[in-house]
Amino acid sequence: MKQGQTFADLPSLAAHLRQEMESKKAILLYAYNGTGKTRLSMAFKDLGKKGEGEEEKRDTLYFNAFTEDLFHWDNDLGGDSDRRLALNAASRFFAGLAELEMDNRIRPLLQRYADFDFRIDAQEWTVRFSRTVDGELVDNIKVSRGEENIFVWCFFLAILQLAMDGAEAYQWVKYVYIDDPISSLDEHNAIAVGNHLAQLLNKTGNPLGVVISSHHPLFFNVMHNELDARKSKKVSAHFLSRTKADGSYALNYTGATPFFHHVAVLTELYKAERSGELYTYHFNMLRSVLEKSASFHGFANFSACITQESDDPEGVLHARLINIMSHGNYSLFEPQQMLDENKAYFRQILHGFLNRYPFNPDLFPQPAGAAGTP
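Using our numbering, read the sequence shown as starting at 3 and increasing by one per residue.
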């Protein structure tokens with residue numbers, strides 16, 4: 003990974019990205035959750051704001067956690083029948099709601115991913131959902147959180163298309179900043195969303211510059227390949243990290259697979275294990291490292307990289323444990339602490355791997371007084 007630059011804070015980093023956008027069509031950022039991706043998107047947006055009140059102008063259309071907050075549920079707790087998603091009428095995000103037939107623009111996008119339908123009421127600023135079940139229409143349904151997220155994403159894509167086409171309501175858009183659009187989607191949909199987004203952005207004549215940040219390696223990889231970041235001088239890709247010591251940010255150039263991803267994941271797992279803050283999703287991360295290592299060493303299965311212990315001479319128990327724990331529905335946004343027994347197994351597998359394969363010991367510092375290898 004090529005060395006890049008460091009920045010004291012997010013505003014200075016956002017200013018650098020804006021400067022870079024003067025010669026780029028797209029910037030891809032890979033970063034872990036908690037690094038500050040969402041705050042960076044807001045800092046980027048804020049730098050494009052000029053004036054106040056009625057005279058305020060801006061240049062960035064963004065999608066992030068704040069975008070999702072523009073939609074909130076009214077579940078009709080009294081009648082329990084007229085459930086609807088309310089829209090924040092004060093946001094410029096919905097500037098073309100009444101005039102631009104948003105229903106007809108969103109529907110073909112949504113049909114790529116979902117089997118429910120919707121209708122927008124531009125007078126009361128609400129959305130109602132329906133689904134056909136066994137030939138009958140069930141109206142005013144409450145869709146799942148994942149379905150809601152994909153609807154909001156398709157709403158955004160419809161607006162993005164309008165901005166790219168120069169619609170009057172969105173002529174203020176110069177830049178698009180997209181932060182983690184696929185946080186609750188499985189890997190299949192992560193690929194589908196990435197491909198679809200790239201198709202839109204690759205359209206001839208697209209006048210908008212775009213910044214895309216994500217913690218999802220597969221989505222990042224898809225965007226990197228589809229936007230042809232490896233060959234195009236108009237696309238750059240970076241790994242974004244934050245130094246805990248002084249709070250500064252580092253931006254380093256990377257390829258389609260964010261830097262040496264397995265090494266970075268290992269350091270995160272090691273820190274989590276040392277702190278005792280182990281969550282169920284850490285098994286997913288550990289499995290990913292084992293799979294990459296097995297592939298590198300020419301093995302067909304990740305179990306080949308699990309050190310055989312005296313209580314598990316064939317490595318079967320640990321392999322089964324990783325299989326079970328890494329296939330659960332474990333969300334990074336709703337983390338669950340590991341049980342103490344599973345923490346012990348996790349430590350055993352992780353330390354066995356680190357002892358078996360030589361890594362730079364400086365990446366895995368031990369507490370004062372600790373003896374031996376990690």
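The C-beta atom is built at its ideal place from N, Cα and C for all residues, glycine as well.
- Exposed is the label assigned to Glu24, since fewer than 16 other Cβ atoms lie within 10 Å of its Cβ.
- For the 7 Å CB-CB criterion, Ala165 and Leu63 form a contact.
- By the Cβ criterion, the region 242–256 is not in contact with the region 289–306, since fewer than three pairs of Cβ atoms, one from each stretch, lie closer than 8 Å.
- With distances taken between CA atoms, Phe96 lies nearest to Leu162 out of Asn227, Leu162, Tyr177 and Ile180.
- For His240, the enclosing beta strand (DSSP E) covers residues Val237 to Arg244.
- The residue from Phe222, Tyr251 and Ala91 with its alpha-carbon nearest to that of Leu72 is Ala91.
- Under the DSSP assignment, Arg107 falls in the alpha helix (DSSP H) whose first and last residues are Met104 to Leu112.
- Here Ala28 carries a strand assignment [DSSP, helix/strand/coil].
- Ranking Ile180, Arg133, Trp174 and Arg121 by CA distance to the CA of Trp155 puts Ile180 first.
- Between the region 209–223 and the region 33–45, the count of C-beta pairs closer than 8 Å reaches three or more; the two stretches touch.
- Nearest Cα to Trp174 within the set Pro209, Glu150 and Ile108: Pro209.
- If you compare the alpha carbons of Asn254, Ala124 and Asp119 with that of Glu103, the shortest gap goes to Ala124.
- In this chain, Val145 is not harboured by any alpha helix (DSSP H), its DSSP state being neither H nor E.
- Excluding its 5 nearest sequence neighbours in each direction, Glu57 has no C-beta neighbour in its own chain below 7 Å.
- Between the alpha carbons of Tyr272 and Tyr251 lies a distance of about 21 Å.
- Taken in chain order, the unbroken stretches of beta strand (DSSP E) that lie wholly in the region 171–213 and span 3 residues or more are 177–181.
- Per DSSP, the continuous beta strand (DSSP E) segment holding Phe65 begins and ends at Thr62 to Phe65.
- Annotated three-state conformation of Ser132 is strand, per DSSP.
- Look at Gln310 here: in three-state DSSP terms it is coil, with no helix or strand label.
- Membership of Ala252 in the beta strand (DSSP E) is indicated by the continuous run Tyr251 to Tyr255.
- Counting along the chain, Thr8 sits inside no alpha helix (DSSP H); it lies in the beta strand (DSSP E) bounded by residues Gln7 to Phe9.
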